[in-house]
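For reference, the structure is listed below as structure tokens.
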Amino acid sequence: TIEDDVFIAPNVTFTNDKHPRSHGEWKLLETLVKSHASIGAGTTITPGVTIGENALIGAGSVVTKDIPDNAIAMGTPARIVGHRPRVQYNGSK
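First residue of the sequence shown? That's 1 in this note's numbering, and the numbers climb one at a time after it.
Structural data, given as structure tokens:
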């Protein structure tokens with residue numbers, strides 16, 4: 001699910017399966033990108049993760065774990081390197 005006002009740069013890939021189907025039961029994992037998040041170009045997002053509200057993902061990152069609200073994450077795998085200030089958008093938090 002991609003919420004409102006999310007920026008997704010070119011060549012971002014959302015993968016749909018952590019393991020090949022031949023390795024057992026296939027499970028559908030929901031990926032959630034919360035409002036006002038920004039995802040840099042060339043990022044890969046694995047299934048089942050949540051990218052928090054107002055989070056920023058650096059270009060070329062591989063997101064394998066949840067990224068909390070307002071976090072700045074980058075790298076392979078993506079790790080938190082800082083936090084953005086909490087911003088109020090039209091009455092939200």
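Beta carbons: idealized from backbone N, C-alpha and C, even for Gly.
Since this is a predicted model, take the numbers as computed values, not measurements.
For the candidate residues the options, whose alpha-carbon lies nearest to that of residue i?
| i | options | result |
| --- | --- | --- |
| Gln88 | Ile80, Val12, Asn70 and Arg79 | Asn70 |
| Val6 | Val62, Glu53 and Gly60 | Glu53 |
| Ala41 | Pro10, Thr31, Arg79 and Pro68 | Pro10 |
| Thr44 | Ile8, Arg86, Thr1 and Asp4 | Ile8 |
| Arg86 | Thr64, Ser35 and Gly48 | Ser35 |
| Arg84 | Thr64, Val33 and Ile57 | Ile57 |
| Asp4 | Leu32, Gly48 and Lys65 | Leu32 |
Within 10 angstroms of the Cβ of residue i, are there 16 or more other Cβ atoms? Answer buried if so, exposed if not.
| i | result |
| --- | --- |
| Lys27 | exposed |
| Gly82 | exposed |
| Lys18 | exposed |
| Leu29 | exposed |
| Thr50 | buried |
Could you round the C-beta distance between residue i and residue j to whole angstroms and report it? I think they count as a contact, below 8 angstroms.
| i | j | result |
| --- | --- | --- |
| Ala73 | Ile67 | 5 angstroms |
| Ala55 | Ala37 | 5 angstroms |
| Ile39 | Val62 | Ile39 to Val62, Cβ: 12 angstroms. No contact. |
Just the C-alpha distance for residue i and residue j, rounded to the nearest angstrom, thanks.
| i | j | result |
| --- | --- | --- |
| Asn16 | Asn90 | 33 angstroms |
| Pro47 | Thr64 | 8 angstroms |
| Glu25 | Thr1 | 23 angstroms |
For residue i, which beta-bridge partners are listed by DSSP?
| i | result |
| --- | --- |
| Leu32 | Thr50 |
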